[in-house]
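Protein chains: 2
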Amino acid sequence: MTKEASLKFHMGMGMLINSAHRAMTKRFVQNAMDSGSDISLDQWMVLGPIWQLGSASQKELGEICLKDKTSITRLVDALERKSLVVRIEDQLDHRVKRVVLTNSGKQLFFDVLPIMEKTREEVRENISDEDIDTFKSVLSRIINNLGDGK
Amino acid sequence: MTKEASLKFHMGMGMLINSAHRAMTKRFVQNAMDSGSDISLDQWMVLGPIWQLGSASQKELGEICLKDKTSITRLVDALERKSLVVRIEDQLDHRVKRVVLTNSGKQLFFDVLPIMEKTREEVRENISDEDIDTFKSVLSRIINNLGDGK
DNA sequence: CTATATTAGTTGCTAATGAAACTAATATTA
DNA sequence: TAATATTAGTTTCATTAGCAACTAATATAG
Chain A
19 MTKEASLKFH MGMGMLINSA HRAMTKRFVQ NAMDSGSDIS LDQWMVLGPI WQLGSASQKE
79 LGEICLKDKT SITRLVDALE RKSLVVRIED QLDHRVKRVV LTNSGKQLFF DVLPIMEKTR
139 EEVRENISDE DIDTFKSVLS RIINNLGDGK
Chain B
19 MTKEASLKFH MGMGMLINSA HRAMTKRFVQ NAMDSGSDIS LDQWMVLGPI WQLGSASQKE
79 LGEICLKDKT SITRLVDALE RKSLVVRIED QLDHRVKRVV LTNSGKQLFF DVLPIMEKTR
139 EEVRENISDE DIDTFKSVLS RIINNLGDGK
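Chain order of the listed sequences is A and B. If you're matching positions, the first sequence starts at 19 in our numbering and goes up one per residue. If you're matching positions, the second sequence starts at 19 in our numbering and goes up one per residue.
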């Protein structure tokens, strides 16, 4: 392998994905903070499905968020510490814990929705819908090629 | 915002990027491990430019790898612990530390190169070069829109 | 019905990240 | 040249992630 080919690799996809992801996360957290909400992107991504579904088991959250159960445990821990959600033991299957939003969880959800939209627009500036579609389709195919990485 | 719109968001880019990145990282580390090399993707991404350049200051590594200086310090720490690199104080500017590969660093570099190539092929399966180009261009534009997130 | 397997979730360990405060060396400028 | 600012890198503290080993509860097989 030539040094040039190596350079090409190093400027490759992995690094770009890493960097883009970091930048998006940082911007979202910053925007939320600027408008007075203290929440990480991962915490937000868990909150949404709970709101949608009314309640969700941790397993369900893992499937929806493409995260492993350990990560979900800890995200729910963090959300519970902030009093945004509570765990409720499932009455039918005592292994299962259903996670539900508290009132302040619902409040925060609605506060942060417009922040999310704002961040999304900042991310997509100068990028056509068509390119975004291709982009998402490539991501899905990568995940498909490799398994979801959970 | 409707629940459907929310779902759309939650299946959005952020999560896909996150998941794809995690899957790629995991596959690379797994492939390396399977062939007997113990190295993380981030460590590898630092190693490459050092090999290319012969030696590199930590600042240079940060610029090339799009990582902040703290991360570089710690990655170089890890590589030094594994005896893959050494830090050498720059003779002209004593603030600067130049990082160079040891012999086992070079050895590992050449051992892992084909693993990288293999992983890259696995990632790109069923994805046309054209889509990859669009994909990378979207990533670059996102990074550009937001700053590099370092 | 009892032994075994599976499932949901948690915990301990290790690695990576980011911000801010810090040290030592070099550059600037008055 | 002396005082100040900037730069390269490190350290500290807090957060986050993944893997593997673990617990408790349910489901399955004999």
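No residue lacks a Cβ here, since even glycine has one placed at the ideal position from N, Cα and C.
From the beta-carbon of GLU143(A), the residues of chain B found nearer than 7 Å are ASN163.
Contact residues of the region 104-134 of chain B toward chain A are LEU131 and MET134 (C-beta to C-beta distance below 7 Å). Rounded to whole angstroms, ASN144(B) and SER89(B) show a C-alpha spacing of 34 Å. Taking a beta-carbon distance threshold of 8 Å, LEU34(B) counts as an interface residue toward chain A. When rounded, the separation of the alpha-carbon atoms in ALA74(A) and GLN61(A) is 14 Å. DSSP links LYS115(A) through a beta bridge to GLU107(A).
Put simply, the backbone Cα of LYS124(A) is about 15 Å away from that of VAL94(A). Linking GLY165(A) to GLU139(B) through their CA atoms gives a straight-line distance of about 15 Å.
In this structure, ALA38(B) places its C-beta atom within 8 Å of the C-beta atom of ILE161(A). Counting only residues of its own chain and dropping the five nearest sequence neighbours on each side, ILE106(A) has a CB closer than 8 Å to the CB of SER73, LYS115, ARG116, VAL117 and VAL118. Residues of chain B with a Cβ closer than 7 Å to the Cβ of MET51(A) do not exist, since the nearest Cβ in that chain sits about 15 Å away.
Taking CB atoms only, LYS154(B) has a neighbour in chain A less than 8 Å away. Taking a Cβ-Cβ cut-off of 7 Å, the neighbours of ARG45(A) in chain B comprise LEU164, given in sequence order. Proximity of chain B to ARG159(A) at the Cβ level (cut-off 7 Å) is accounted for by ASN144 and ILE145, in chain order.
Beta-bridge partners assigned by DSSP to SER55(A): none are found. In the three-state DSSP reduction, SER75(A) falls in the strand class (E or B). Within 10 angstroms of the beta-carbon of PRO67(B) lie 16 or more other beta-carbons, which makes it buried. In the structure shown, ASP86(A) adopts coil according to DSSP, grouped into three states. In this chain, the alpha helix (DSSP H) harbouring GLY123(A) covers 121-142. Secondary structure note for LEU164(B): its alpha helix (DSSP H) is the uninterrupted segment 147-164. Look at the beta carbons and you see the region 144-153 of chain A touching the region 149-156 of chain B: at least three pairs across the two are nearer than 8 Å.
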